[in-house]
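What the sequence shown shows, in our numbering, is residues 49 to 187, in sequence order.
Have a look at the structure below before the remarks.
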Amino acid sequence: SIGIGHRSGFTSVELSNKAIFDAFVERLWKAVGFRLLTELLDALRNGGNYRIGATAISDLGVTLERRKFFTGTEHIFCAWDEVVVWSGPGIFCVGQKDNQKLVASFSYQSEDNVHIVEAAIRMLFKQGGDKLSDVLEQL
């Protein structure tokens, strides 16, 4: 299942053939994914944040939300070197390395541009650096 949002609405494409799905996603990434990635990284480099649900992503790290029963919600900032990421069935997860309970998960189908955020974070982890926008140096 591939969802594509655009100015005039939303289009969903259902494919059962994995080879066709992979080819479609590859072409989609080349057509719009790269542009979305560079726009995201430019915005973060210029001081912006990108929000997915209650989670704020910035150039220097991610702010995760921890709900406490009596004291309410606590927002905890984690620099990129304090973060781990993984994927599960239909979700992308970001968590604090030293606290398995401090995790945010994002649905690939329900949240916009989760794949773009995931690609940027995984590129940063692969190449190294302190800021997410450091990825722009390698593009």
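The C-beta atom is built at its ideal place from N, Cα and C for all residues, glycine as well.
Note that the structure is a prediction, hence the values are computed from the model and not measured.
Proximity to residue i [Cα-Cα], best of the options
i      : options                           : result
Glu62  : Val73, His54 and Arg55            : Val73
Gly109 : Val133, Phe69 and Glu87           : Val133
Lys142 : Phe117, Glu113, Asp160 and Phe118 : The question names Lys, yet the displayed sequence has Val at residue 142. Of Phe117, Glu113, Asp160 and Phe118, the residue nearest in Cα terms is Glu113.
Val131 : Val183, Lys145 and Pro137         : Lys145
Asp160 : Arg115, Leu88 and Ile100          : Ile100
Gln175 : Asp129, Lys66 and Lys116          : Asp129
Gly53  : Leu76, Ser64, Ala71 and Gln186    : Leu76
Gly138 : Gln186, His163 and Glu185         : His163
Phe154 : Lys78, Ile105, Ala127 and Gln186  : Ile105
Cys126 : Asn147, Asp70, Phe118 and Gly95   : Asn147
Close beta carbons around residue i, own chain, < 8 Å, minus the five adjacent residues each side
i      : result
Glu198 : Only positions 49 to 187 of the chain appear in the structure, and residue 198 is not among them; the question remains open.
Val151 : Leu112, Cys141, Val142, Gly143 and Gln144
Asn97  : Ala104, Ile105 and Ser106
Own chain, CB closer than 7 Å to residue i, minus 5 neighbours either side, in chain order
i      : result
Ala102 : Glu113
Gly51  : Phe58, Ser60 and Gln157
Met116 : Looking at the sequence shown, residue 116 is not Met but Lys. Around Lys116: Glu122.
Leu172 : Trp128, Leu180, Asp182 and Val183
Residues that DSSP places opposite residue i in a beta bridge
i      : result
Gly120 : Lys116
Asn147 : Gln144
His54  : Gly57
Exposure of residue i, with buried meaning 16 or more beta-carbon neighbours within 10 Å
i      : result
Asp107 : buried
Leu56  : Residue identity check: residue 56 is Ser in the sequence provided, not Leu. Looking at its Cβ environment, which holds fewer than 16 other Cβ atoms inside 10 Å, Ser56 is exposed.
Ile169 : buried
Ser49  : exposed
Leu92  : buried
Sub-8 Å separation of residue i and residue j beta-carbons
i      : j     : result
Ser181 : Leu85 : no
Same chain, Cβ closer than 6 Å to residue i, neighbours up to 5 away in sequence not counted
i      : result
Gln186 : Gln175
Lys78  : none
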